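Working notes for the structure below.
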Amino acid sequence: MRTDFGHFEEEQLGRTYDVKLLRRLYPFIRPYKLLISASLVLVILIALMDIALPYITKIAIDRYIVPQYTPFETPAGRPEKEPDKRQRYLQVDLKNGDIRTIVQANADRFKIEGESAWIALSALEDFSSAERAILREPHMTGLAWLTAAFLAIILTNFILNFLQAMVMEYTGQMVMHGLRTRLFDHIQSMTVSFFTRHPVGRLVTRVTNDIQNMHELFTSVIATVFKDIFLLIGIAAVLLSIHWQLALISYTVLPVVLLASIYFASRSREAFRTLRIKVAEINTRFSETLGGIKVVQLFQQERNNFKRFSRTNHENYLAGMMQVQVFAVFLPIIEMLGSVALAGIIYFGGSRVLTETMSLGDLSAFIFYMRMFFRPIRDIAEKYNILQNALASAERIFLILDNREQLPQPAQPSGPAPAGDGRIRDIAFDSVSFSYVLDEPVLRDVSFRITAGETVAVVGPTGSGKTSLINLILRFYDPTAGRVQINGMDIRDMSTATLRSRMALVTQDPFLFSGTIRDNINQHGRRLSGTELDRMLTVSQCRELIDRLPDGMDTRISEGGKTLSSGERQFLSIARAFARDPELIILDEATSYIDSDTEQKIQAALAQLMAKRTSIVVAHRLATVRNADRILVLNKGRIIESGTHTELMGRRGFYYKLNQLQS
């Protein structure tokens with residue numbers, strides 16, 4: 254009963270806070286908190302190494318490539334007066350024989366103190382290239398060590414990034430695995446009425462697309478955002494330590510960045526919400542088309558169906574473009590603000606280098622750090638994009654998980670049997686009423702009793718409530734009034750697993766799963782011996798079918814058993830019921846779609862299945878239920894007649910008229 258198949262409106266969501274959603278995701282992350290902690294430690298190490306690289310460049314420039322202006326200190330510890338300008342000095346170690354020789358040969362140009370000597374860098378132009386190389390050998394050595402440290406940090410950074418990516422990828426996959434299995438298990442436990450209101454495409458979207466959308470949230474967003482925040486704090490601290498005035502000038506763009514982030518955050522959430530809805534609608538439309546492709550082609554509805562799909566697809570395109578427009582404006586704004594900050598650093602920092610109040614290494618490091626500073630901001634913006642997409646999916650997932658349309662189970666379920674000695678002794682309806690929609694009853698004040706071993710037929714016109722009666726016995730639904738009892742116990746006081754383990758249902762259009770015939774027959778999971786299997790195939794009239802198939806019981810069939818005929822599917826469903834060895838057999842129009850020849854074989858198989866078992870047979874064709882122990886006649890949701898075929902025909906009532914019409 255699909256009341257909205259092919260068309261549905263997603264639940265409208267109010268304002269949902271990101272923190273609240275993330276808190277709800279925490280139980281799925283909690284089992285892997287040690288791995289996440291290890292990943293965060295790796296992220297901190299990676300961030301520290303990223304921060305260290307520009308600082309190494311600053312040291313190389315200021316200490317070795319272009320040493321800072323430094324006044325020479327006399328042995329008394331007082332700086333030597335240089336009224337004309339500050340001077341850069343090269344310090345050399347006189348313990349080196351080659352250097353000592355050069356210093357002794359040019360003693361007037363050096364300032365000597367103990368084992369060290371200083372010479373102005375400008376004076377090196379008077380030396381030969383070989384002498385300059387010897388004198389600057391300490392600088393070359395220092396540069397070599399810094400280069401080695403630079404490469405070592407890069408290599409270590411690569412290894413740590415690899416380890417961190419592997420840890421988070423494993424964690425993310427496991428979190429998604431747990432979330433997907435939880436959602437799948439929850440959907441399986443929902444009532445049948447839940448599935449009448451939720452199209453297949455919507456549920457498929459939740460279990461596949463929406464879960465996958467959360468992949469990057471678990472694998473990169475958590476760790477990357479933590480790293481970016483740590484980088485921002487670390488870079489801000491280093492910039493303040495290098496030149497706090499210039500750092501404060503650079504930070505003037507941050508309020509604009511913050512305001513832009515808040516504005517576009519609200520826009521992006523709505524864009525992603527709309528996008529998730531449209532993806533679900535596309536999946537639903539496509540699923541409906543595949544399920545009804547024969548009807549679409551028969552009535553030549555390809556063009557109209559294509560127009561409807563195109564309209565939905567265009568709405569999805571517009572939602573996608575809305576998302577693109579949000580970030581097509583936001584990201585360039587961040588880039589522009591970063592460029593403005595960089596331009597300010599070049600101007601103000603360059604002027605300070607020219608006035609010799611700031612070193613070239615400081616300016617170089619400042620430029621590197623500011624480029625690094627806006628990279629985490631861009632990363633956070635992009636990760637926020639991913640976060641909004643993931644949280645839009647999380648909202649829809651939790652809508653399903655929060656849905657509690659599940660049949661209530663007893664606090665202390667009954668044991669392995671419905672009651673007492675473990676056999677179904679009787680089934681009773683006690684003033685049962687039922688409706689799918691409020692104020693539209695399908696069954697009205699129905700009461701009857703079936704004893705063990707009895708075969709009871711339920712007949713009546715279409716819409717009289719026959720299938721609804723079966724649904725209540727199987728507890729696919731609960732009655733709106735009255736009680737359904739087994740052995741005097743309300744079935745609502747039994748677990749559904751206990752109840753259904755004693756029953757088997759054969760419908761007019763049995764469903765088979767993709768897989769082997771053996772898997773479809775052995776749904777109960779009990780291992781059948783060769784003798785049991787052979788007897789089951791014989792009495793269910795499946796032997797001829799199995800022998801004809803290329804791989805016998807291991808022959809693979811498609812979803813729904815579409816490669817088999819209606820009769821062959823029916824034979825397999827009877828064999829599946831035999832394999833369950835039930836106490837109660839329910840046949841719901843089991844021979845409606847079968848030709849006369851096949852029907853005789855199926856009737857023979859059903860007779861074997863029903864032998865010595867309690868049976869309920871729902872039928873339109875009255876000729877198939879004449880031998881029933883009792884016939885219940887339903888009309889407009891009420892039992893209006895009850896008795897054997899002979900008794901009912903003798904009364905010349907409603908049942909008699911149905912027989913006359915079918916004759």
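Counting in my numbering, the sequence shown tops out at residue 916, every number present.
Ideal placement from N, C-alpha and C gives every residue a C-beta, glycine not left out.
The structure presented is a predicted model; accordingly, all values stated were derived computationally and were not measured.
Please name the residue or residues paired with Tyr342 in a DSSP beta bridge.
Ala373
With distance defined between alpha-carbon atoms, name the residue in Ser826, Ile892, Thr733 and Arg628 nearest to Gly813.
Ser826
Count the other C-beta atoms from every protein chain shown that fall within 10 angstroms of the C-beta of His260, then say buried if there are 16 or more, exposed otherwise.
Confidence at His260 is low in this model, with a pLDDT of 39, below 50, so the placement of that residue should be treated as unreliable; the coordinate-derived value is given next. Exposed.
Host beta strand (DSSP E) of Leu660 (start-end)
Premise fails: Leu660 is in no beta strand (DSSP E) and is neither H nor E.
Roughly how many angstroms lie between the CA atoms of Val695 and Ser721, to the nearest whole one?
7 Å
Neighbourhood of Asn638 by C-beta distance below 7 Å, restricted to the same chain and skipping five residues each side:
Ser521 and Phe580
Rounded to the nearest angstrom, how far is the Cβ of Arg883 from that of Ser868, given a contact under 8 Å?
With a Cβ gap of about 11 Å, Arg883 and Ser868 do not count as contacting.
So is Ile486 buried or exposed if we call it buried at 16+ other beta carbons inside 10 Å?
exposed
Uninterrupted beta strand (DSSP E) stretches inside the stretch 763 to 850 (no shorter than 3 residues)
837 to 841
Can Met611 and His496 be called in contact, C-beta distance under 8 Å?
yes
From Lys311 to Leu571, what distance separates their C-alpha atoms?
49 Å
DSSP three-state label for Gly425, please.
helix
DSSP on Leu511, reduced to helix/strand/coil?
helix
Contacting residues, own chain, Cβ-Cβ under 8 Å from Pro803 (five flanking each side not counted)
none
Rank Thr394, Glu707, Leu644 and Leu691 by C-alpha distance to the C-alpha of Asn466 and give the top, closest one.
Leu644
DSSP three-state call for Phe363: helix, strand or coil?
coil
Here's a check: name, in chain order, each residue in its chain whose Cβ is nearer than 7 Å to the Cβ of Ile502, leaving out the five neighbours to either side.
Gly597 and Phe601
Suppose you measure from the CA of Gly890 to the CA of Asp787; what does that come to, to the nearest Å?
43 Å
For Leu499 and Val460, which I take to be in contact (beta-carbon distance under 8 Å), what is that distance rounded to the nearest angstrom?
Actually they are not in contact, since the Cβ atoms of Leu499 and Val460 sit about 53 Å apart, beyond 8 Å.
Coarse secondary structure for Glu335, derived from DSSP in three states
Bear in mind that a pLDDT of 45 at Glu335, under 50, signals an unreliable position, so the model cannot answer this.
Which one or two residues does DSSP pair with Leu492 in a beta bridge?
Leu492 is not bridged to any residue.
Contact belief for Asp683 with Arg736 at Cβ below 8 Å, rounded distance in angstroms:
5 Å
Does the contact criterion of 3 or more C-beta pairs under 8 Å hold for the stretch 379 to 396 versus the stretch 287 to 301?
no
Limits of the alpha helix (DSSP H) - the one that Ser748 falls within
Note, Ser748: premise wrong, no alpha helix (DSSP H); not H, not E.
CB-CB under 8 Å to Glu368, same chain, minus the five flanking residues each way: which ones, in chain order?
Asp346, Leu347 and Lys348
Return yes when the Cβ of Val709 is within less than 8 Å of the Cβ of Ile703, no when it is not.
yes
Within the same chain, show all residues whose beta-carbon is closer than 6 Å to that of Arg526, passing over the 5 residues directly before and after it, in chain order.
Ala645
Can you grab the Cα-Cα spacing for the pair Pro669 / Gln913, in whole Å?
Here the model assigns Pro669 a pLDDT of 44, short of 50, so the residue's position is not dependable, and the following value carries that caveat. Roughly 46 Å separates the two Cα atoms.
From Phe764 to Leu817, what does the alpha carbon distance come to, in whole angstroms?
11 Å
Straight-line Cα distance separating Arg879 from Lys910:
15 Å
Cross-strand partners of Gly706 (DSSP beta bridge)
Paired residues: none, contrary to the question.
In the DSSP output, which residue or residues are listed as bridge partners for Thr867?
Leu837
Return the bridge partner residues of Val759 from the DSSP annotation.
Leu840
Report all residues from its chain with a CB closer than 6 Å to the CB of Ala363; omit the five preceding and five following residues, and keep chain order.
Contrary to the premise, residue 363 reads as Phe rather than Ala in this sequence. Counting only Cβ-Cβ distances below 6 Å, and skipping sequence neighbours, we find Val356, Ala370 and Ile372.
Have a look at Gln578 and Arg809 and give me their C-alpha separation to the nearest angstrom.
49 Å
Between which residues of its own chain and Ala647 is the CB-CB distance below 7 Å, once the five residues before and five after are set aside?
Leu274, Leu278 and Met467
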